[in-house]
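Colleague: Here it is, the structure, as structure tokens.
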Amino acid sequence: MKTLVTDSLEKAVELLSKGELVAIPTETVYGLAADALNETAVKKIFEAKGRPSDNPLIVHISEIEEIIPLIKNFPSMAQKIAQKFWPGPLTMILKKSDLIPEIVTAGLDSVAIRLPSMPVTRELIKKFGHPLAAPSANLSGRPSPTSYRHVLDDLDGKIAAILKSEDCSVGVESTVIDLTSTPVHLLRPGKITAEEISDFIEEKVIIDKSVDHFVSDLKEVRSPGVKYKHYSPKTKVVLVKSSSKKFANFVNSNPDCVAVAFDEDSKYINTEFVSYGSESSQNDQLRLLFDSLRKIDNFNKKIAYVRLAPNLNLAVFNRLLRASAFNVIDDL
Ligand code: TXA
Ligand code: MG
Numbered sequence: 014m015k016t017l018v019t020d021s022l023e024k025a026v027e028l029l030s031k032g033e034l035v036a037i038p039t040e041t042v043y044g045l046a047a048d049a050l051n052e053t054a055v056k057k058i059f060e061a062k063g064r065p066s067d068n069p070l071i072v073h074i075s076e077i078e079e080i081i082p083l084i085k086n087f088p089s090m091a092q093k094i095a096q097k098f099w100p101g102p103l104t105m106i107l108k109k110s111d112l113i114p115e116i117v118t119a120g121l122d123s124v125a126i127r128l129p130s131m132p133v134t135r136e137l138i139k140k141f142g143h144p145l146a147a148p149s150a151n152l153s154g155r156p157s158p159t160s161y162r163h164v165l166d167d168l169d170g171k172i173a174a175i176l177k178s179e180d181c182s183v184g185v186e187s188t189v190i191d192l193t194s195t196p197v198h199l200l201r202p203g204k205i206t207a208e209e210i211s212d213f214i215e216e217k218v219i220i221d222k223s224v225d226h227f228v229s230d231l232k233e234v235r236s237p238g239v240k241y242k243h244y245s246p247k248t249k250v251v252l253v254k255s256s257s258k259k260f261a262n263f264v265n266s267n268p269d270c271v272a273v274a275f276d277e278d279s280k281y282i283n284t285e286f287v288s289y290g291s292e293s294s295q296n297d298q299l300r301l302l303f304d305s306l307r308k309i310d311n312f313n314k315k316i317a318y319v320r321l322a323p324n325l326n327l328a329v330f331n332r333l334l335r336a337s338a339f340n341v342i343d344d345l
């Protein structure tokens, strides 16, 4: 299959209507979209990504009202959160209605819904007239795509088209919260933090253990996606908690590695180096993280050491833990 790279919304709508897959930009990461109400189309998502069929997808809408037919009921807490944080990088898990095909939710009785803020994404969903099921548009296990080039690298020839737009401004996937029971649980951290949500609803938000711990008992996992190895370059990744200078000495004496650290570290490092933003800007780190993880493989080295700073953003830490398969050196 030849993958069309286009900026035409009409073309994207035409292909989606035919049950084809189109990679679409959102403010978080590029998504791999299909008509959420077309079972055959959704099946293609799992095939193209090599995604395990027990890992459910997020359903994307363009206005809050569009959620009504997709869920059993709209609890007042969920309504309040939607009014405040949508459109934006937040996904809510709610009890599903019968309209959503089982394949979308991997057989669960709940569905993940998100209203993205990027204007082109909302316009596309509006023009299309149906909700879009879309996981991140990477091959399963690879870092999520934050530019259309990343999508091409992973899925060229496997999908009908890529709706090309600017790079994703947030850079990590949406925050996922579970509202099917109380208290609210955070299943995946993103740019919107548990603290922001908790301050707003004036109730505690429980951060799921899997967010920053290795959970070996699968029965304890509330979000199926957590079980899988994620975000990994081909090169082995090891996280290192250390000061800038100690880290530089360590990587400089190790000829077969790539150093991944902050802009401020570059002056001490004289081996292959990839920056994931300024140590003082969490937004930079979120935006650059996945591109940095993809860059690691360009060097053909045995190992990549990533410097962790104190107070690292939880979403960045969560993705790095998975990219490294929880391989962390606590001190040098
Ligand atoms: O920012 C994002 O959320 C991007 C863009 C494209 O919208 N999408 C995305 O989708 O990251 P994906 O499929 O890569 O991640 C969805 C996560 C997975 O960890 C999945 O297990 C979880 O959400 N999820 C989906 N439905 C769920 C449900 N009903 N219950 C629990 N977890 C669910
Ligand atoms: Mg994903």
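Read left to right, the sequence shown gives residues 14 to 345 (our numbering). Note that beta-carbon positions come from the ideal geometry of N, C-alpha and C, so glycine has one too. Remember, predicted model here, so these are calculated numbers, not experimental data.
#1: Closer than 7 Å to a non-hydrogen atom of the ligand MG - does that hold for the CB of SER223?
#2: Please state whether the Cβ-Cβ distance between SER157 and TYR244 is less than 8 Å.
#3: Which residues mark the beginning and the end of the beta strand (DSSP E) in which PHE5 is found?
#4: What did DSSP end up calling GLU136 once you bin it into helix, strand or coil?
#5: What residues in its chain sit with their C-beta under 6 Å from that of SER236, if we drop five residues either side in the sequence?
#6: Classify GLY63 as buried or exposed, calling it buried when 16 or more other Cβ atoms lie within 10 Å of its own Cβ.
#7: Hey, is the region 25-35 in contact with the region 136-144, meaning 3+ C-beta pairs nearer than 8 Å?
#8: Can ALA54 be considered in contact with the ligand TXA, in the sense that its beta carbon sits closer than 7 Å to one or more heavy atoms?
#9: Quick check: the Cα distance between ALA125 and ILE190, rounded to an integer number of angstroms?
#10: With a threshold of 8 Å on Cβ separation, who are the neighbours of THR16 within its own chain once the five nearest residues in sequence on each side are excluded?
#11: Could you tell me the alpha carbon to alpha carbon distance between GLY290 and GLN298, rounded to whole angstroms?
#12: Taking the straight line between their C-alpha atoms, what separation do you get for LYS24 and LEU137?
#13: Does the beta carbon of SER149 fall short of 7 Å from some heavy atom of the ligand TXA?
#14: If you compare alpha carbons, which of PRO38, ASN326, ALA147 is closest to PRO69?
#15: Between THR118 and HIS73, what straight-line distance do the alpha-carbon atoms span, to the nearest angstrom?
#16: Hey, would you say the C-beta of GLU186 is under 7 Å away from at least one heavy atom of the ligand TXA?
#17: Excluding five sequence neighbours on each side, which residues of the same chain lie with their C-beta closer than 7 Å to the C-beta of GLY238?
#18: Could you name the residues of the same chain whose beta carbon sits closer than 6 Å to that of PHE339, not counting the 5 residues immediately before and after it, in chain order?
#19: For a test of your reading of the model: does the CB of SER236 fall under 7 Å from any non-hydrogen atom of the ligand MG? Yes or no.
#20: Can you give me the C-alpha to C-alpha distance between VAL185 and SER305, rounded to a whole angstrom?
#21: CB LEU145 to CB ALA47, shorter than 8 Å?
#22: For VAL218, collect the residues of the same chain with a Cβ closer than 6 Å to its Cβ; drop the 5 residues on either side in sequence, then sort them by chain order.
#23: Which of the three DSSP states, helix, strand or coil, is assigned to GLY238?
#24: List the residues that DSSP assigns as beta-bridge partners of THR104.
#25: DSSP three-state label for VAL329, please.
#26: Starting from PHE59 and walking both ways along the alpha helix (DSSP H), at which residues does that stretch end?
#27: One question on the structure: do LYS314 and VAL271 come within less than 8 Å of each other, judged by their Cβ atoms?
Modeller: In terms of the structure at hand:
#1: Reading the sequence shown from its first residue, position 210 is the one you call residue 223. For the ligand MG, not one heavy atom lies less than 7 Å from the Cβ of SER223.
#2: For the purposes of this step, residue 157 is taken as the residue at position 144 of the sequence shown. For the purposes of this step, residue 244 is taken as the residue at position 231 of the sequence shown. In contact: SER157 and TYR244 (Cβ atoms closer than 8 Å).
#3: Residue numbering for the chain in the displayed model covers 14 to 345; residue 5 lies beyond these limits and cannot be assessed.
#4: As a first step, residue 136 must be located in the sequence shown, where it is residue number 123. For GLU136, the secondary structure class from DSSP, reduced to helix, strand or coil, is helix.
#5: As a position in the sequence shown, residue 236 is number 223, starting the count at 1. Here the set comprises LEU200.
#6: Counted from its first residue, the sequence shown places residue 63 at position 50. Exposed, by the Cβ-count rule.
#7: Flag = yes, the region 25-35 and the region 136-144 touch.
#8: Taking the sequence shown and counting its residues from 1, the one referred to as residue 54 is at position 41. Residue side-chain check: ALA54 keeps its Cβ at 7 Å or more from all non-hydrogen atoms of the ligand TXA.
#9: Working through the sequence shown from its first residue, we reach residue 125 at position 112. Working through the sequence shown from its first residue, we reach residue 190 at position 177. Approximately 9 Å, taken between the alpha carbons.
#10: Working through the sequence shown from its first residue, we reach residue 16 at position 3. For THR16, the CB contacts under 8 Å within the same chain, skipping 5 residues up- and downstream, are LEU165, LEU168, ASP169, GLY170, LYS171, ILE172, ALA173, ALA174, ILE175 in chain order.
#11: Position 277 of the sequence shown, counting from 1, holds the residue named residue 290. Position 285 of the sequence shown, counting from 1, holds the residue named residue 298. Looking at the two C-alpha atoms, the distance is approximately 5 Å.
#12: As a working note, residue 24 is residue 11 in the sequence shown. As a working note, residue 137 is residue 124 in the sequence shown. Taking the straight line joining both Cα atoms gives about 10 Å.
#13: As a first step, residue 149 is located in the sequence shown; it is residue number 136 there, counting from the start. Result yes, Cβ under 7 Å from the ligand TXA.
#14: As a first step, residue 69 must be located in the sequence shown, where it is residue number 56. If we check each option's Cα against that of PRO69, ALA147 comes out closest.
#15: What you label residue 118 is simply residue 105 of the sequence shown in a count that begins at 1. What you label residue 73 is simply residue 60 of the sequence shown in a count that begins at 1. One C-alpha to the other measures close to 13 Å.
#16: Residue numbering aside, residue 186 sits at position 173 when the sequence shown is read from its first letter. Checking the Cβ of GLU186 against the ligand TXA gives yes.
#17: Here residue 238 corresponds to residue number 225 of the sequence shown, with the count starting at 1. Closer than 7 Å at Cβ, skipping near neighbours: ASN68.
#18: Walking along the sequence shown from the start, residue 339 turns up at place 326. If you ignore the 5 residues before and after PHE339, its C-beta comes within less than 6 Å of the C-beta of PHE227, all in its own chain and listed in chain order.
#19: Walking along the sequence shown from the start, residue 236 turns up at place 223. SER236 has its Cβ no nearer than 7 Å to any heavy atom of the ligand MG.
#20: Here residue 185 is taken as the residue at index 172 of the sequence shown, counted from 1. Here residue 305 is taken as the residue at index 292 of the sequence shown, counted from 1. Near 12 Å, if we compare the C-alpha coordinates of SER305 and VAL185.
#21: Position 132 of the sequence shown holds residue 145. Position 34 of the sequence shown holds residue 47. In this structure, ALA47 lies closer than 8 Å to LEU145 by Cβ.
#22: Reading the sequence shown from its first residue, position 205 is the one you call residue 218. Within the same chain, and ignoring the five residues on either side of VAL218 in sequence, the residues whose Cβ sits closer than 6 Å to its Cβ are VAL197, LEU199, ALA207, ILE210, SER211.
#23: Counting from 1 along the sequence shown, the entry for residue 238 is found at position 225. In the structure shown, GLY238 sits in a helix (DSSP, three-state: H, G or I).
#24: Sequence index remark: in the sequence shown, residue 104 carries index 91 (1-based). Partner(s): ARG127, VAL189.
#25: In the sequence shown, counting from the first residue as 1, residue 329 sits at position 316. In the structure shown, VAL329 sits in a helix (DSSP, three-state: H, G or I).
#26: The count along the sequence shown starts at 1 and reaches residue 59 at position 46. Bounds of the alpha helix (DSSP H) holding PHE59 are 52-62.
#27: Sequence index remark: in the sequence shown, residue 314 carries index 301 (1-based). Sequence index remark: in the sequence shown, residue 271 carries index 258 (1-based). In this structure, LYS314 lies near VAL271, with their beta-carbon atoms less than 8 Å apart.
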